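Student: Pasting a structure here, questions to come.
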Amino acid sequence: MLNKLMKRSKPSSKTGNYLLIAGTSLLIILVFWIYFITHTSLTLFSQEATRSALIAKRKAQVKAAEEAVKKLESDRSDENLTAAQTLVDQLAAGEKKKALQDRIEAVKLDIANQASIAEAEAAVKFLEDNQADENLTKAQEATDKVINADAKAQFQARIDAVKRAMAAKIAATAAAAAAESDTASANVSESGSSSSSSQASGSSQTVPSQQYQAPDQNSSASVPEASVTEAPSADTGQAVDPATPSQGASDASASE
């Protein structure tokens, strides 16, 4: 009877195998669970560390960019502009990057404005000292590039003043040329009138030389004596030489 009970209470080999398998499975599950928890924790820790490092890096980049932009605003050199722009470009997209870029653009605009003002000042000053059409064109082109409205208006006013001076000079030159032309014309007219008067005077002076001049009665030139017999004059009873020309004939001969 006792032997029968002992035989019944003794576990079979099959049950032992089940228990062994179950225990082993539980152990494996426990190991995997511990590994999973540990790995997950490590991963989370690593990610957090990476995230913290990235945040710190970004903060350092933002700080460096801010300092570079501030330096650029104090000293607007090309070197500082390049350094600030490089650091801002490295920042992640966001409001901070946009704000810093806006400050850089403001500096760029001011630099360009100052350069345009300097160029316009030089061109307008040269125009004021050398008033010519070519210089006027260059000064106007430089003034058109000026960004600042107030400075641009001042340069334009100076250019307009030069334009008025040039126009007045041209008008004065034209008036002087016209006056000179009128004077020359008047001189020519007076010269022509004088010439006509001289010709008329000369003509009137030459007329008397062509008039008849009676021969001098005391002149040695005498009428040739005739060899014919003298006829008595009707009035005087004296003989008259027929070969002697009459007074009128003598006058005509002298006139010829």
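In terms of full-length UniProt numbering, the numbers along the sequence shown are unbroken and rise by one, the last being 256. For every residue, glycine included, the Cβ atom is placed at its ideal position computed from N, Cα and C. Note that this is a predicted model, so its numbers are computed, not measured.
Considering Cα atoms alone, identify which of Ala165, Asp102 and Ile104 is closest to Ala132.
Tutor: Position 132 of the sequence shown, counted from the first residue, corresponds to residue 132. For the residues Ala165, Asp102 and Ile104, the minimum Cα distance to Ala132 belongs to Ala165.
Student: Would you say Thr137 and Val124 are within 9 Å of each other, going by their C-beta atoms?
Tutor: As a working note, residue 137 is residue 137 in the sequence shown. As a working note, residue 124 is residue 124 in the sequence shown. Contact flag unset, no.
Student: In or out: Ala186 buried (at least 16 other Cβ within 10 Å) or exposed?
Tutor: On the sequence shown, residue 186 is found 186 positions in, with the first residue counted as 1. Exposed.
Student: Is it right to say Ser116 is buried, meaning 16 or more other beta carbons lie within 10 angstroms of its own, or is it exposed?
Tutor: As a position in the sequence shown, residue 116 is number 116, starting the count at 1. That one is buried.
Student: Count Cβ pairs between the stretch 59-75 and the stretch 12-31 that sit closer than 8 Å; are there 3 or more?
Tutor: Short answer: they don't touch.
Student: Kindly indicate which three-state DSSP category Gly94 falls into: helix, strand or coil?
Tutor: Residue 94 sits at position 94 when you count from the first residue of the sequence shown. Three-state DSSP puts Gly94 in coil, outside helix and strand.
Student: Entirely within the stretch 82-146 and at least 4 residues each: give me those alpha helix (DSSP H) ranges in chain order.
Tutor: Whole alpha helix (DSSP H) segments, 4+ residues: 95-129 and 133-144.
Student: So, is Gln47 buried or exposed, given that buried needs 16 or more other C-beta atoms within 10 angstroms?
Tutor: In the sequence shown, counting from the first residue as 1, residue 47 sits at position 47. The residue is exposed, with fewer than 16 neighbouring Cβ atoms inside 10 Å.
Student: Would Ile111 and Val69 qualify as a contact pair, given that the criterion is a beta-carbon distance under 9 Å?
Tutor: Translated into positions along the sequence shown, residue 111 becomes position 111. Translated into positions along the sequence shown, residue 69 becomes position 69. Taking 9 Å as the Cβ cut-off, Ile111 and Val69 do not qualify as a contacting pair.
Student: Consult DSSP for Asp160 and reduce its assignment to one of helix, strand or coil.
Tutor: If you number the sequence shown from 1, residue 160 lands on position 160. Three-state result, Asp160: helix.
Student: Using 8 Å for Cβ pairs, my map puts Glu128 next to Val162. What's the rounded Cβ distance?
Tutor: The residue labelled residue 128 in the question sits at position 128 within the sequence shown. The residue labelled residue 162 in the question sits at position 162 within the sequence shown. Yes, they are in contact, since the Cβ atoms of Glu128 and Val162 sit about 6 Å apart, within 8 Å.
Student: Just to confirm my understanding: we take Arg158, look at its own chain, exclude 5 residues before and 5 after, and list those with CB closer than 6 Å. What are they?
Tutor: Working through the sequence shown from its first residue, we reach residue 158 at position 158. Cβ neighbours of Arg158 beyond the five flanking positions: Val124.
Student: Under the three-state reduction of DSSP, which class applies to Ser41: helix, strand or coil?
Tutor: Along the sequence shown, one-based indexing puts residue 41 at 41. Residue state, collapsed to three classes: helix.
Student: If you draw a straight line from the C-alpha of Glu95 to the C-alpha of Thr50, how long is it?
Tutor: Against the sequence shown, residue 95 aligns to sequence position 95. Against the sequence shown, residue 50 aligns to sequence position 50. Distance between the alpha carbons of Glu95 and Thr50 is about 23 Å.
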